[in-house]
Structure formats: C-alpha cells, structure tokens
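Undergrad: Next up is a structure, given as structure tokens.
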Amino acid sequence: MSILIAGGGIGGVAAALALARKGFKVRVLERAAEFGEIGFGIQLGPNALATLERLGVREALEPSCFYPNNLVMQDATNGREVTRIHLKGGFRARYGWPYAVIHRRDLHGALIDACRALPELVSLETSSGLKSFRQDGARVQAVLEDGREVEGEVLICADGLRSVGRAQILGDGEPRVSGHVAHRGVVPMDQVSDTRFLDDMVIWAGPGLHLVQYRLRGGTVLNNVAVIESEEYKQGKPDWGSFAEVERSFSGVIPYVRDCLRFISPERSWAMCDRDPRPGWTVGNVTLLGDAAHPTLQYLAQGACMAMEDGEVLAQKLAARRAAPEVSAHAALQAYESERYLRGARVTLTSRFFGHVCHAAGGARDLRNHLAGQRDPENCFEVDWIYRGIRL
285 MSILIAGGGI GGVAAALALA RKGFKVRVLE RAAEFGEIGF GIQLGPNALA
335 TLERLGVREA LEPSCFYPNN LVMQDATNGR EVTRIHLKGG FRARYGWPYA
385 VIHRRDLHGA LIDACRALPE LVSLETSSGL KSFRQDGARV QAVLEDGREV
435 EGEVLICADG LRSVGRAQIL GDGEPRVSGH VAHRGVVPMD QVSDTRFLDD
485 MVIWAGPGLH LVQYRLRGGT VLNNVAVIES EEYKQGKPDW GSFAEVERSF
535 SGVIPYVRDC LRFISPERSW AMCDRDPRPG WTVGNVTLLG DAAHPTLQYL
585 AQGACMAMED GEVLAQKLAA RRAAPEVSAH AALQAYESER YLRGARVTLT
635 SRFFGHVCHA AGGARDLRNH LAGQRDPENC FEVDWIYRGI RL
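Residue 505 in my numbering sits at position 221 of the sequence shown, with consecutive numbering throughout.
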C-alpha cells in the first residue's frame with residue numbers, strides 16, 4: 285500500500301513515521317519550501333511521551349526536554365497560589381512517563397530525522413501543497429497547487445486548521461474564532477531575576493488573560509506566552525489582539541506578571557481557533573488527522589499530542605488489514621475515525637471549559653480559587669483520562 289500525507293507538521297510526520305514503522309511506503313507532501321515548525325514551546329503529557337517512545341524518538345529528545353516539578357496556577361491579580369499538580373514521584377508511577385516541555389522545532393526535527401533515516405519508506409517532498417483530490421476505485425489522486433498529480437491508495441489530510449482536505453470532505457467553512465490571542469517570546473535564563481518557579485510550569489491566571497512560563501532547550505531559556513480574550517474582537521474591530529491591547533489587558537495584574545511582558549515579542553500574534561466536534565472525516569480512502577480533524581484551543585496543551593496519537597492509531601488500523609485482507613482501506617480508515625472521534629471531541633470541548641476557568645473573573649474567579657485550593661496536588665483527576673493515553 286502506498287500512502288500520501290498532505291501536511292508535514294508534527295502530526296503529518298509523526299503519522300508518516302508510525303506508518304513506516306509498520307512497513308508502509310509514505311509520501312509526505314508539504315506546502316512550504318522546507319520542513320519546519322512555527323512557534324516556541326510545546327507541552328508533552330505522559331500520553332505523548334508514551335507515543336514518542338513507541339515511535340522510537342523519545343530518547344533522541346532527552347537533551348532538549350525539560351521536566352518541570354509541578355504544574356502551578358497562580359492568581360495574577362493577587363500573586364497567590366491557586367493550586368498545583370505534582371509531576372514527580374506518584375505522577376510518574378501512575379502514568380509510566382513524566383511531563384515534559386520542549387521547543388516545537390526540536391520535537392519536529394527529531395520526527396523529521398527519524399523519517400529521513402527510512403528513505404526507502406518515507407519520501408519528504410516540499411513545495412507540494414494539496415489543492416484537491418479525487419478518487420477512482422481503490423486509488424486516490426492528489427492534485428497539488430502547482431498542477432502536478434500524485435497517486436496513492438490512501439490520502440491522509442494532516443494539513444492543519446484550514447485544511448483543504450476538510451473543506452472538500454466536510455465543507456464546514458472557516459474555523460471558530462475564539463477571540464483569544466497569544467503573543468510569545470523566549471529569553472535566556474540569565475535575563476530572569478525571579479527564580480521562584482524556575483523548575484515548574486506556571487500559569488498566571490487573571491480575568492480574561494493568562495501568562496504561561498516554563499523552561500525550554502534543556503532548561504537554558506524561558507518560554508513566555510501571554511494570552512488575552514480580546515475586547516476589541518468582541519467590539520468587532522478589525523485589528524484586534526495587538527500587543528498594545530495585551531499591555532492594556534495586563535494593566536491590573538501584579539507588577540511581576542506585568543514586567544514579564546518585556547519577554548514577549550510584540551511583532552506577531554496567534555489568534556486561537558477551534559471547531560465544533562464533527563464526525564465524517566472519512567470519505568472513501570481519504571481521511572483527516574490532527575488539527576484538520578479536531579482542532580482545539582491550547583488550554584489542555586494537547587493539540588500536538590492528539591495528532592501524534594492519531595498517527596499511531598491510523599497506522600495500527602491500516603496494518604491490521606494484513607491479518608484480515610478482506611478489510612478494505614476505507615473500513616480501516618473508518619475504524620481509525622471511530623476510535624479517535626470522541627477522544628478528540630472531549631479534548632476540544634474540555635479545552636474551551638478550561639479556558640473559562642483560567643480566565644475567570646468576579647465570583648467565578650472566587651469560586652475557582654476556593655475549589656481549586658482544596659484539591660489534592662497528587663491527584664490530577666481532571667486530566668487523568670488524557671494522561672492514561674491510548675491502548676494499541
């Protein structure tokens with residue numbers, strides 16, 4: 285079986301690697317002129333580390349990973365701790381793997397290197413963006429933006445939030461704009477004077493905003509992400525989410541958090557989008573993966589983790605055909621979608637809810653702080669279902 289993957293981001297190359305490990309020949313078709321990732325830090329729950337171990341790349345990531353001691357929520361308006369999750373000891377024993385943070389480029393680079401080590405099975409092709417597809421019996425023809433056509437038995441559309449494949453399969457229009465916008469920045473640790481949370485992942489939660497901080501590149505730099513719910517977006521203004529609006533939104537937080545905005549790059553912003561969960565990703569021998577299938581907000585830090593899980597399940601379902609040749613590729617893809625649909629939906633909807641919790645104001649903030657202050661830091665029941673991972 286020859287498999288085409290549209291999209292060479294984390295989800296696409298992880299799927300290619302998972303399929304190649306099962307012996308499939310894969311062509312990864314990337315729109316950009318070179319393979320690479322945009323952005324800075326990414327969080328990897330134990331479910332993601334389990335996947336990376338099975339893909340054979342976890343060990344290569346060790347020098348680049350940082351393993352925080354705790355996940356800490358601080359109230360950005362009064363500086364007090366709201367709650368925390370201990371990530372050592374019992375956490376590792378319960379899930380089998382720790383919690384890690386890493387630079388997106390380091391993770392993507394390790395997956396690319398692993399694919400390049402299998403040249404007889406994985407072809408990585410740039411300047412090959414998907415324009416459309418058509419199907420003829422058991423074959424799929426992918427039409428590329430430059431007019432070329434490539435053919436395979438299966439097409440996996442891992443082409444992101446505004447997926448061309450999704451538009452053709454589901455036709456559900458533009459993604460849902462949340463009105464949340466992020467600005468990011470990375471600085472060397474020697475520029476950081478406050479070391480209280482040096483070994484933790486900390487989120488400073490305020491009304492309609494938050495600031496996340498954790499170390500990257502083996503702990504040598506500090507990643508900073510400032511997020512606001514844009515009032516200008518709610519007012520219908522066209523240029524909402526600017527750094528000036530971020531500064532205004534953070535005017536009411538404690539001085540330390542406000543001062544950390546100097547670590548943020550003001551030149552570029554990321555508008556946060558998702559989609560309402562919807563089945564029907566699979567048509568014939570074409571299916572969706574990662575953000576093309578179930579884009580989510582960042583509040584559970586599971587977007588890339590879910591995409592990598594998708595790749596594993598997809599490879600397993602297609603490989604199972606060897607033992608049951610009467611099972612069609614279409615049936616295998618449907619089995620993949622069936623297994624991934626509700627887990628992806630739960631992540632999407634829970635992420636929205638966690639965003640409300642994180643950005644709570646007034647009485648909702650008071651209730652959050654009261655209830656969260658009573659929770660056991662050894663018990664992360666809210667996300668236990670995620671961190672336990674998948675069974676293959």
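C-beta atoms are modelled at their ideal positions from N, C-alpha and C, and glycine is treated no differently.
1. Do G574 and G320 have their CB atoms nearer than 9 angstroms?
2. Rounded to the nearest angstrom, what separates T504 and P472 at their Cα positions?
3. Take the Cβ of R559 as the centre, count every other Cβ of all protein chains shown within 10 Å, and call the residue buried at 16 or more, exposed below.
4. In this structure, how does DSSP classify S686 when only helix, strand and coil are distinguished?
5. Quick one: what does DSSP say K415 is sitting in, helix, strand or coil?
6. In or out: S612 buried (at least 16 other Cβ within 10 Å) or exposed?
7. Among C441, S622, T566 and D390, whose alpha-carbon lies nearest the alpha-carbon of C349?
8. Does S286 come out as helix, strand or coil in the three-state DSSP assignment?
9. For R378, which of helix, strand or coil comes out of DSSP?
10. Tell me which residues share the same chain as S635 and place their Cβ nearer than 8 angstroms to its Cβ, disregarding the 5 neighbours each side in the sequence.
11. Between the segment 354 to 367 and the segment 488 to 503, can you find at least three pairs of beta-carbon atoms closer than 8 angstroms?
12. Under the three-state reduction of DSSP, which class applies to S622: helix, strand or coil?
13. DSSP puts P472 in a beta bridge; with which residues?
14. If you follow the alpha helix (DSSP H) that R342 is part of, which residue opens it and which one closes it?
15. I'd like the list of long-range same chain contacts for R418, defined as Cβ closer than 8 angstroms, with 5 residues on each side in sequence excluded.
16. Counting C-beta neighbours from all protein chains within 10 Å, is the total for I322 16 or more, i.e. buried, or is it exposed?
17. Based on Cα-Cα distance, which residue from E346, P561, T361 and A377 lies nearest to N663?
18. So the beta strand (DSSP E) C557 belongs to, where does it begin and stop?
19. Give me the DSSP bridge partner(s) of Q497.
20. Assuming the contact rule is C-beta atoms closer than 8 angstroms, L345 and C589 should be a hit. Round their C-beta distance to whole Å, please.
21. Whole-angstrom Cβ separation of G413 and A576, contact assumed at under 8 angstroms?
22. Could you round the C-beta distance between Y498 and G325 to whole angstroms and report it? I think they count as a contact, below 8 angstroms.
23. Please state the DSSP three-state secondary structure of Q519.
24. If you measure between the beta carbons of S407 and V511, is that distance less than 9 angstroms?
25. Would you give the residue range spanned by the beta strand (DSSP E) that N354 belongs to?
26. Excluding the five sequence neighbours on either side, which residues of its own chain have a C-beta within less than 7 angstroms of the C-beta of L301, listed in chain order?
27. Any chance you could list the alpha helix (DSSP H) runs of at least 4 consecutive residues sitting entirely within the segment 288 to 329, in chain order?
28. So for S635, helix, strand or coil by DSSP?
29. To the nearest angstrom, report how far apart H494 and H370 are at their CA atoms.
30. If we count the other Cβ atoms within 10 Å of its Cβ and call it buried at 16 or more, is T479 buried or exposed?
31. By Cβ distance, which residues of its chain are closer than 8 angstroms to G536, with the 5 residues on each side in sequence left out?
32. Would you mind sorting E314 into buried or exposed? The rule is 16 or more other CB atoms within 10 Å of its CB.
33. For T571, does the three-state DSSP call read helix, strand or coil?
34. On the criterion of 16 or more Cβ atoms from any shown chain inside 10 Å, does D543 qualify as buried, or is it exposed?
35. Let me know the secondary structure DSSP gives S526 once reduced to three states.
36. Secondary structure at L428, three-state DSSP: helix, strand or coil?
TA: Reading from the atomic positions:
1. As a first step, residue 574 is located in the sequence shown; it is residue number 290 there, counting from the start. As a first step, residue 320 is located in the sequence shown; it is residue number 36 there, counting from the start. Contact: no.
2. The count along the sequence shown starts at 1 and reaches residue 504 at position 220. The count along the sequence shown starts at 1 and reaches residue 472 at position 188. Distance between T504 and P472, taken at the CA atoms: about 6 angstroms.
3. Locating residue 559 in the sequence shown gives position 275, where the first residue counts as 1. Classification of R559: buried, given that the 10 Å Cβ count is 16 or more.
4. This structure gives no information on residue 686, because the portion of the chain shown stretches from 285 to 676.
5. Reading the sequence shown from its first residue, position 131 is the one you call residue 415. If DSSP states are grouped into helix, strand and coil, K415 belongs with the strands.
6. Along the sequence shown, one-based indexing puts residue 612 at 328. In the assembly as shown, S612 is an exposed residue. Its beta-carbon has fewer than 16 other beta-carbons within 10 Å.
7. The residue given as residue 349 occupies position 65 in the sequence shown. When only C-alpha atoms are compared, the closest one is D390.
8. Here residue 286 corresponds to residue number 2 of the sequence shown, with the count starting at 1. Of the three classes helix, strand and coil, the one that applies to S286 here is strand, per DSSP.
9. Position 94 of the sequence shown, counted from the start, is the residue given in the question as residue 378. Helix, per DSSP.
10. Taking the sequence shown and counting its residues from 1, one reaches residue 635 at position 351. For S635, where only same-chain residues beyond five positions count, the Cβ hits under 8 angstroms are D558, T580, L581, Q582, Y583, L584 and Q586.
11. By the C-beta criterion, the segment 488 to 503 is judged to be in contact with the segment 354 to 367, since at least 3 inter-stretch pairs fall below 8 angstroms.
12. Taking the first residue of the sequence shown as 1, we reach residue 622 at position 338. DSSP places S622 in helix when its eight states are reduced to three.
13. Counting from one through the sequence shown, the residue named residue 472 turns up at place 188. Answer by DSSP bridge pairing, in chain order: V505.
14. For the purposes of this step, residue 342 is taken as the residue at position 58 of the sequence shown. For R342, the enclosing alpha helix (DSSP H) starts and ends at R342 to L345.
15. Here residue 418 refers to the residue found at position 134 when the sequence shown is read from its first residue. Beyond the five residues adjoining it in sequence on each side, R418 comes within less than 8 angstroms, by CB distance, of V424, Q425 and V427 in the same chain, given in chain order.
16. Within the sequence shown, the letter at position 38 stands for residue 322. Label assigned to I322: exposed.
17. Counting from 1 along the sequence shown, the entry for residue 663 is found at position 379. Comparing Cα positions, the closest option is A377.
18. As a position in the sequence shown, residue 557 is number 273, starting the count at 1. It spans W554 to D558 - the beta strand (DSSP E) in which C557 sits, taken as one unbroken run.
19. For the purposes of this step, residue 497 is taken as the residue at position 213 of the sequence shown. Partner(s): V486 and N508.
20. Here residue 345 is taken as the residue at index 61 of the sequence shown, counted from 1. Here residue 589 is taken as the residue at index 305 of the sequence shown, counted from 1. About 14 angstroms separates the two Cβ atoms, so there is no contact after all.
21. Here the question's residue 413 lines up with position 129 in the sequence shown. Here the question's residue 576 lines up with position 292 in the sequence shown. Contact between G413 and A576 does not hold, since their C-beta atoms are separated by about 13 angstroms, which reaches or exceeds 8 angstroms.
22. Here residue 498 refers to the residue found at position 214 of the sequence shown. Here residue 325 refers to the residue found at position 41 of the sequence shown. A Cβ-Cβ separation of about 6 angstroms places Y498 in contact with G325 under the 8 angstroms criterion.
23. To locate residue 519, count along the sequence shown from 1; it is residue 235. Q519 falls in the coil class under three-state DSSP.
24. In the sequence shown, counting from the first residue as 1, residue 407 sits at position 123. In the sequence shown, counting from the first residue as 1, residue 511 sits at position 227. No; because the gap between Cβ atoms is not below 9 angstroms, this pair is not in contact.
25. On the sequence shown, residue 354 is found 70 positions in, with the first residue counted as 1. Segment N354 to D359, the beta strand (DSSP E) holding N354.
26. Walking along the sequence shown from the start, residue 301 turns up at place 17. Result list for L301: L339, L395, A398 and C399, in chain order.
27. Runs of the alpha helix (DSSP H) inside the segment 288 to 329: 294 to 305.
28. As a working mapping, residue 635 is identified with position 351 in the sequence shown. Looking at S635 - three-state DSSP - the assignment turns out to be helix.
29. Position 210 of the sequence shown holds residue 494. Position 86 of the sequence shown holds residue 370. Straight-line Cα distance between these residues: approximately 21 angstroms.
30. Translated into positions along the sequence shown, residue 479 becomes position 195. In this structure T479 is exposed. Its beta-carbon is surrounded by fewer than 16 other beta-carbon atoms within 10 angstroms.
31. The sequence position of residue 536 within the sequence shown is 252, counting from 1. Setting aside the 5 residues that flank it on each side, G536 is surrounded in the same chain by T361, G490 and P491, each with a C-beta closer than 8 angstroms to its C-beta; the list follows chain order.
32. Against the sequence shown, residue 314 aligns to sequence position 30. The residue in question, E314, is buried, as its Cβ has 16 or more Cβ neighbours within 10 Å.
33. As a position in the sequence shown, residue 571 is number 287, starting the count at 1. When DSSP states are grouped into helix, strand and coil, T571 belongs to the strand group.
34. Counting from one through the sequence shown, the residue named residue 543 turns up at place 259. The residue is exposed, with fewer than 16 neighbouring Cβ atoms inside 10 Å.
35. Numbered from its first residue, the sequence shown carries residue 526 at position 242. Coil, per DSSP.
36. Residue numbering aside, residue 428 sits at position 144 when the sequence shown is read from its first letter. In the structure shown, L428 falls within a strand segment according to DSSP collapsed to helix, strand and coil.
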